[in-house]
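In our numbering, the protein residues as written are 2 to 241.
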């Protein structure tokens with residue numbers, strides 16, 4: 002899978018035709034774009050990726066999120082019998098937030114790395130916007146479609162880690178409602194969940210309204226009056 006990625010992967014951020022294998026001994030970084038310097042970590046497996054994916058040490062990942070050095074994560078599902086990549090999608094680094102990193106229990110005494118604390122990536126806590134497909138059911142998507150999906154939320158790169166986390170979580174709430182039109186009241190129903198994700202914030206509803214305004218400003222949703230919002234169509238992005 003790593004060989005395939007090295008020979009076939011391109012950079013979705015700038016559409017450079019190839020990625021370089023990272024030469025330095027960095028466990029969290031597998032490939033780097035020689036044109037725009039975006040970094041990528043590769044996760045690959047034969048079975049489909051579920052809602053949770055085991056990953057590297059917990060605290061370094063949290064530190065990388067806050068320092069802005071977390072890489073983009075590439076998820077590749079392959080068929081070893083047919084030598085085929087079945088699914089390939091990327092979670093851009095700006096969607097890698099504390100809300101999707103789960104702390105695992107320390108390894109027990111007697112284990113080779115006793116006390117080591119790993120992490121899980123909670124793909125189930127992400128909106129579909131955060132998972133950019135490159136290969137779907139064995140078929141590659143047009144590069145321009147991939148680039149448009151990337152560009153739509155590229156503005157998040159300039160936000161703080163806290164702001165990225167909030168926007169990603171509110172977007173996830175909007176997508177879970179799964180309606181073209183939704184109300185502010187429906188988003189408020191996620192208040193308890195958001196309180197658990199952001200325990201230090203005591204003004205959850207105000208934060209919800211603030212993040213909905215950001216989504217409006219970035220043309221993701223539209224306010225249509227009387228507490229109602231409309232999700233903008235993804236059709237153009239899908240068609241490329």
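The C-beta atom is built at its ideal place from N, Cα and C for all residues, glycine as well.
### Query
beta strand (DSSP E) containing residue 61: first to last residue?
Residue 61 sits at position 60 when you count from the first residue of the chain shown. Looking at the DSSP string, residue 61 is not in any beta strand (DSSP E); the run it does join, the alpha helix (DSSP H), is 59-68.
#### Entry: Rounded straight-line distance, which links the Cα of residue 22 to that of residue 40
To locate residue 40, count along the chain shown from 1; it is residue 39. To locate residue 22, count along the chain shown from 1; it is residue 21. Roughly 10 Å between the two C-alpha positions.
### Message
With distance defined between alpha-carbon atoms, name the residue in 61, 175, 192, 58 nearest to residue 204.
### Response
In the chain shown, counting from the first residue as 1, residue 204 sits at position 203. Nearest C-alpha to residue 204: 192.
#### Entry: Buried or exposed (CB count within 10 angstroms, at least 16 for buried), residue 78
As a working mapping, residue 78 is identified with position 77 in the chain shown. Buried, by the Cβ-count rule.
### Message
Restricting to Cα atoms, I'd like to know which of 137, 126, 109 is closest to residue 49.
### Response
As a working mapping, residue 49 is identified with position 48 in the chain shown. Nearest option by C-alpha distance: 137.
### Task
Could you tell me whether the Cβ atoms of residue 120 and residue 166 are closer together than 9 Å?
Within the chain shown, residue 120 is the residue found at index 119, counting from 1. Within the chain shown, residue 166 is the residue found at index 165, counting from 1. Their beta carbons are not under 9 Å apart, which means residue 120 does not touch residue 166 by this criterion.
#### Entry: Three-way DSSP call (helix, strand, coil) for residue 42 in this model
Counted from its first residue, the chain shown places residue 42 at position 41. In the structure shown, residue 42 sits in a strand (DSSP, three-state: E or B).
### CB-CB length for residue 124 against residue 53, believed under 8 Å
Start at 1 with the first residue of the chain shown, and residue 124 comes out as number 123. Start at 1 with the first residue of the chain shown, and residue 53 comes out as number 52. Indeed they touch by this definition, with Cβ atoms about 7 Å apart.
### Query
Does the Cβ of residue 75 have 16 or more other Cβ atoms within 10 Å, making it buried, or fewer, making it exposed?
In the chain shown, residue 75 corresponds to position 74, counting from 1. Classification of residue 75: buried, given that the 10 Å Cβ count is 16 or more.
### Message
Taking 6 Å as the limit between beta carbons, can you name the residues of its chain near residue 80, skipping five residues before and five after?
### Response
The residue labelled residue 80 in the question sits at position 79 within the chain shown. Non-local beta-carbon contacts of residue 80 in its own chain, meaning distances under 6 Å to residues more than five positions away in sequence, involve 87 in chain order.
### Message
Out of 162, 144, 232, which one is the CA nearest neighbour of residue 175?
### Response
Counting from 1 along the chain shown, the entry for residue 175 is found at position 174. That would be 232, whose Cα lies nearest to the Cα of residue 175.
### Message
Can you check which of these residues, 122, 105, 126, is closest to residue 116 by C-alpha distance?
### Response
As a first step, residue 116 is located in the chain shown; it is residue number 115 there, counting from the start. In this structure, 105 is the residue among 122, 105, 126 with its C-alpha nearest to the C-alpha of residue 116.
### Task
Give the straight-line distance between the Cα atoms of residue 109 and residue 230, rounded to the nearest whole angstrom.
Taking the chain shown and counting its residues from 1, the one referred to as residue 109 is at position 108. Taking the chain shown and counting its residues from 1, the one referred to as residue 230 is at position 229. If I take the Cα positions, the gap works out to 49 Å.
### Task
Note down, one range per segment and in chain order, each beta strand (DSSP E) of at least 3 residues found wholly within the segment 67-118.
73-80, 85-92, 102-104
### Query
Around the C-beta of residue 55, are 16 or more other C-beta atoms found within 10 angstroms, so that it is buried, or is it exposed?
Counted from its first residue, the chain shown places residue 55 at position 54. Exposed is the call here.
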